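Here's the structure we're looking at; comments come further down.
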Amino acid sequence: MAAVSMTVNGKAVSGDVEARTLLVQFLRENLRLTGTHVGCDTSQCGACVVHIDGIAAKSCTTLALQCEGAKVTTIEGLAEPNGPLHPMQEAFRENHALQCGFCTPGMIMAALDIVRRCGNDLDEHTIREQLDGNICRCTGYHNIVKAIAAGAKAMAKGGARQAAE
Amino acid sequence: MSATGIGAAVRRKEDLRFITGKGRYTDDVIRPGETRAVFVRSPHAHASIRSTDVSEAKKMPGIIDVLTGKDLATDKVGNLICGWMIHSKDGSPMKMAPHPALAADKVCHVGDAVAVVIAETQAQGRDAAEKVKVDYQLLPAVVDPAEAKSGQQIHDVAPKNTIYEWSLGNSRAVDAAFASAKHVTHLDIVNNRLIANAIEPRVALAEYDAGTDQLTLWNTTQNPHVSRLVIAAFVGVAPEHKLRVIAPDVGGGFGSKIFIYPEEVVCLWAARKIARPVKWTADRSESFITDAHGRDHVTHAELALDASGKFLAMRVKTIANLGAYMSTFSSSVPTYLYATLLSGQYDIPQIYCEVDAVYTNTVPVDAYRGAGRPEATFVVERLVEVAARQLGIDPADLRRRNFIKTFPHQTPVIMAYDAGDYNASLKKALEIADVKGFSKRKRDAARNGKLRGLGYSTYIEACGIAPSQAVGSLGCGVGLWESAEVRVNPTGSVEVLTGTHAHGQGHETTFAQLVSERLGIPFENVSVVHGDTDKVQFGMGTYGSRSGAVGMSAIVKALDKIEAKAKKVAAHMLEAAEGDIVFKDGKFNVAGTDKSAAWGDVALNAYIAHKFAGQELEPGLKETSFYDPTNFTFPAGCHICEVEIDRDTGKTNIVSWTAVDDFGTVINPMIVEGQVHGGIAQGIGQALLEVAVYDRDGQLVTGSLMDYSMPHAHDLPSFKVGLTETKAPSNPLGIKGCGEAGAIASPAAVINAITDAIGTEDLAMPATAQAVWSALARPQPRQVA
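Quick mapping for you: the protein sequence lines, in order, are chains A and B.
Using the numbering used here, you'd call the opening residue of the first sequence number 1 and step up by one each time.
Using the numbering used here, you'd call the opening residue of the second sequence number 1 and step up by one each time.
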């Protein structure tokens with residue numbers, strides 16, 4: 001076992017983990033942040049996407065120990081407690097971009113990274129291409145694409161917090 | 001229409017928890033003292049087990065126990081069963097082989113579980129599982145369903161690996177009609193084997209309370225009561241009243257979470273044995289080799305037509321692969337959910353269908369979104385399209401000529417269609433898809449070196465599953481009614497308990513819309529409770545697009561009783577005759593007066609019981625209904641797919657998708673459209689991308705998301721969706737159901753479009769770029785009659 005410390009959703013956390021412990025296991029099992037999900041074991045589905053130092057990463061393919069000293073943001077950290085939702089969260093709800101909800105945290109975290117990389121004015125083609133690392137089995141993506149375009153616009157307009165803190 | 005009532009695109013109640021990471025899926029439930037189960041699985045498709053040595057594994061760190069198939073047999077844990085009896089043509093019952101939750105003597109597919117390691121952590125369990133030594137004697141594997149009858153016999157009970165040889169329809173009448181036909185269209189069809197791949201893998205968590213002798217199972221299931229019934233009545237690890245099954249948030253199902261699987265049985269059995277909670281969480285690789293697969297039909301189909309293009313008869317012969325064991329409802333899928341839909345939207349005087357179901361050394365096959373109806377629709381809609389091309393008739397026109405136009409209509413394959421307007425959905429789809437402009441678009445594409453094609457699918461499905469007497473007469477082991485309980489609280493808020501289960505469908509929203517509209521109370525004051533056998537007394541769960549047509553009908557019936565009782569209470573409060581009370585917009589009025597009582601006051605009075613004698617009118621306001629539908633419902637519609645194909649690479653680009661569906665009454669159009677989108681995506685996946693491939697040894701070579709091609713955002717277009725409406729006469733709301741339509745309609749539309757573009761019918765699913773390129777390269781001009 002080895003000690004690991006990092007900042008998760010603005011809070012300093014630490015724990016003892018095995019060298020093989022994945023970041024997603026540390027988040028879900030040690031910190032009980034179960035909003036980050038595991039949908040596959042080959043880094044395809046993207047249900048586990050979180051932000052590490054402001055950049056989207058698959059927490060199922062990242063060792064907890066690799067994140068020593070890092071700033072990690074999960075779906076639970078997007079909106080302030082009791083505060084308003086993040087515009088991207090709101091856009092997912094408004095556009096019915098989720099059904100079973102299992103891929104949704106990863107989708108939203110990936111969507112914010114698309115905004116970081118490609119800006120706030122996103123066309124359909126760009127969004128579809130950039131979503132290559134995330135799979136949804138319920139929605140056929142139609143409404144996810146709409147939601148990401150709308151969320152990206154709302155982030156620009158509202159002076160909202162940027163995706164990557 | 002109110003802002004939250006029937007027909008309003010209300011935003012979903014369930015979304016807040018999902019978009020903030022506060023959903024509670026089975027793997028999110030953590031019990032004190034929880035242990036982890038890791039299964040030891042067969043790497044071979046077919047082998048007998050000479051011996052199993054767990055001694056080294058038991059010595060590994062963190063290991064609590066290692067249990068084998070022999071231990072399971074010693075404890076007399078019962079086998080898993082298939083709950084729908086099918087009889088062969090000769091009257092003999094289907095050949096159901098024993099399916100133990102852990103194999104003791106032989107394994108029948110890669111992934112068949114032989115032992116389970118119970119460990120403090122999952123990592124320790126995995127380390128120990130590698131130390132379990134199983135001595136296998138390999139047997140030849142049977143993989144191809146078309147060759148199953150001549151392969152090595154898998155189960156003692158099933159000679160020639162045949163489960164049943166079933167038929168439906170009048171073969172002599174069909175033969176006679178074919179003999180008189182002017183034209184016959186023949187097709188050989190493989191309906192490709194698919195894997196549901198709900199993004200949440202299956203999870204089971206079992207806990208035993210020795211103080212009350214009670215077992216609790218948290219499980220990724222679409223039907224917790226059915227699960228409890230089968231586990232109690234057949235597997236026998238706990239009696240029904242000592243077993244609680246909870247299905248919390250479930251991350252997609254698509255049929256694959258209907259079934260009762262070995263893993264939940266083993267977790268329940270082990271939890272009692274070790275007296276600690278036991279959790280199993282599948283990784284995706286395990287899902288691929290243990291979740292029931294779908295489809296996998298090999299079919300020869302023929303359509304007979306007269307000189308004017310009128311359909312005379314259809315003859316279909318199908319081999320259905322049910323895999324290594326008979327899964328929970330597997331027998332019904334290629335029979336009563338398939339052959340009964342072969343009439344499509346058409347008046348076909350005679351239909352005959354034979355289905356041979358076979359065992360192979362592959363993962364069990366059962367219902368996957370649409371379940372039998374996509375297979376039927378693919379047969380019908382490919383036959384019709386090819387016939388139209390062969391006869392030189394416009395495919396829309398050939399369909400129109402043969403549509404059923406009067407209702408009710410009795411088909412030759414059991415179903416009695418009760419309402420529909422197939423021409424209306426075709427007409428609207430033709431407009432939205434701008435079919436008139438297609439030939440110009442085709443010419444423009446040709447100038448750019450691209451091939452354009454247009455494909456139709458005018459589908460029908462039987463949903464609202466199902467009238468209990470009807471399915472009972474066909475062999476179903478359960479009734480398929482649904483229950484509802486409406487609890488009105490003293491403050492007037494309402495809890496609705498339903499036996500259906502939502503895993504993406506949005507019942508918490510749509511069911512609340514119904515109650516809000518009916519009682520005239522705020523949408524926010526209604527909660528929907530499901531997925532817990534301790535809360536909901538009984539129910540059949542969610543599949544077969546049944547939750548609206550059957551589940552909401554049960555709620556309507558319970559609300560009728562609530563209104564009747566509340567009127568009695570109001571009559572006492574208002575000192576009026578019960579017959580004079582009118583209930584409207586959440587208020588009870590005395591007819592012809594200005595006297596009224598508000599909903600909340602009546603609710604309170606029902607409980608405080610100050611205004612009436614409790615001996616004459618029982619206090620409280622809670623009613624239950626068990627609703628059994630009088631018929632299936634028949635959603636139908638028209639999907640039109642337009643493709644553009646790159647001649648050099650064979651890559652298909654879907655440039656336009658039009659879906660016009662008749663779902664009867666729509667409660668929430670936003671949710672209904674979402675269901676259509678998702679269904680189409682799965683159908684396009686089947687048509688263009690997805691297939692489960694086994695090699696000759698029975699190894700699943702598409703065993704991960706790196707190999708099995710799931711549709712991504714960039715594989716799909718945006719969809720143009722429209723609705724037409726004829727009410728379903730068989731239920732009080734007129735709902736037909738929308739959950740499966742997209743997956744049923746779309747594969748035929750895609751393949752019809754591609755074959756239109758490339759000029760040959762010789763194309764199997766999935767029509768990958770390579771498959772289309774190869775078809776283009778084959779010198780095979782279209783056969784013309």
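For glycine and all other residues, C-beta sits at the position ideal for the given N, C-alpha and C.
If you're wondering where the values come from, they're calculated on a predicted model, not measured in any experiment.
Cα-Cα separation between residue i and residue j, rounded to whole angstroms
i       : j       : result
I258(B) : E578(B) : 45 Å
L763(B) : F102(A) : 35 Å
S180(B) : R315(B) : 14 Å
P779(B) : G759(B) : 11 Å
R116(A) : A110(A) : 10 Å
G91(B)  : D356(B) : 14 Å
G106(A) : L112(A) : 10 Å
C138(A) : S746(B) : 15 Å
G739(B) : V676(B) : 7 Å
A163(A) : I75(A)  : Since pLDDT at A163(A) reaches only 44, below the 50 mark, its modelled position is unreliable, and no value is offered.
D291(B) : R284(B) : 10 Å
A232(B) : L243(B) : 8 Å
V235(B) : A376(B) : 33 Å
D75(B)  : M326(B) : 23 Å
A741(B) : V772(B) : 26 Å
Assigned exposure category for residue i - 16 Cβ within 10 Å defines buried
i       : result
K95(B)  : buried
H241(B) : exposed
R172(B) : exposed
V784(B) : At V784(B), the pLDDT of 48 sits below 50, so the modelled position is not reliable and the matter cannot be decided from this model.
Q469(B) : exposed
P619(B) : exposed
M540(B) : buried
N150(B) : Reading the sequence as shown, one finds Ser at residue 150(B) and not Asn. S150(B) comes out exposed.
E130(B) : exposed
Cutoff 8 Å: residue i Cβ touching any chain A Cβ
i       : result
E740(B) : no
S718(B) : yes
D291(B) : no
F663(B) : no
T20(B)  : yes
L705(B) : yes
E200(B) : yes
A713(B) : yes
V250(B) : yes
M710(B) : yes
D356(B) : no
N219(B) : no
R12(B)  : yes
Residue i: first and last residue of the uninterrupted beta strand (DSSP E) it sits in
i       : result
M646(B) : Reading off the sequence shown, one finds Asp at residue 646(B), where the question assumed Met. Counting along the chain, the beta strand (DSSP E) containing D646(B) begins and ends at A636 to D646.
H183(B) : H183 to N191
A320(B) : F311 to N321
N30(A)  : Note, N30(A): premise wrong, no beta strand (DSSP E); not H, not E.
Within-8 Å CB hit, residue i to chain B
i       : result
N167(A) : No answer is possible for residue 167(A): it lies beyond the span of chain A, which begins at 1 and ends at 165.
R93(A)  : yes
L122(A) : no
A47(A)  : yes
I108(A) : yes
T7(A)   : no
P105(A) : yes
D41(A)  : yes
R137(A) : yes
N-terminal and C-terminal residue of the alpha helix (DSSP H) that residue i is part of
i       : result
L19(B)  : In the sequence as displayed, the identity of residue 19(B) is Ile instead of Leu. First-last of the alpha helix (DSSP H) with I19(B): D15 to I19.
F288(B) : R284 to T290
Y422(B) : Y422 to I432
Using a beta-carbon distance cut-off of less than 9 Å, what residues from the region 57-81 of chain A approach chain B? T74, I75, E76, G77, L78 and A79
Near-chain A residues of the region 25-44 of chain B - C-beta to any C-beta below 8 Å: Along the region 25-44 of chain B, the positions whose C-beta sits under 8 Å from a C-beta of chain A are Y25, D27, D28 and I30, read in chain order.
In the region 532-559 of chain B, which residues sit with their C-beta less than 8 Å from some C-beta in chain A, listed in chain order? For the region 532-559 of chain B, no residue has a beta-carbon sitting nearer than 8 Å to a beta-carbon of chain A.
Would you list, in chain order, the members of the region 480-507 of chain B that have their beta-carbon closer than 9 Å to a beta-carbon of chain A? So the close ones are A502, H503, G504, Q505 and G506.
Residues within the region 645-672 of chain B neighbouring chain A, beta-carbon criterion of under 8 Å: M670 and I671
If you measure beta-carbon to beta-carbon, which residues of the region 372-403 of chain B are closer than 9 Å to chain A? none
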